[in-house]
Amino acid sequence: MNGVRVFRLLMALLQLSLPAAAAWADARLDTAEAHATAHVESHTTSSCARIHPPDCALCHFLNAPFSGRRHVALRLATSDARTPRPVEPVPVRSALARFFPLPRAPPALS
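Quick note: the sequence shown, position 10, residue 7 per this note's numbering, numbers continuous.
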């Protein structure tokens, strides 16, 4: 029983550590391939490393208020026709009135 617990603990540790190790290795490969270090400056040159792709969703989201384009309205396919409400009030039913039949009796034991 103890060996199973140790095995499960090792598998859990691997499951937690392998994605981080893979991300670190991928970052090392990207920096070795670019031959440049990542940096932030007010101007860019051709020797600067590309930090992220040009169609970055985060950059588009952050730059949207300053883009100068007109706002896009979200149009929902809803109907403008509404069901008319009744003009006269609906009568309130008595709480004592029974609308359902009585439940049937239990079977007779013979």
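Idealized CB from N, CA, C, for every residue including glycine.
- If you look at F58, you'll find it in the alpha helix (DSSP H) that goes A54 to N60.
- DSSP places A9 within a helical segment (H, G or I) once states are collapsed to three.
- For A29 and L7, the gap between their C-alpha atoms comes out near 32 Å.
- Linking L73 to R79 through their CA atoms gives a straight-line distance of about 16 Å.
- Going by C-alpha positions, P51 is about 13 Å away from F58.
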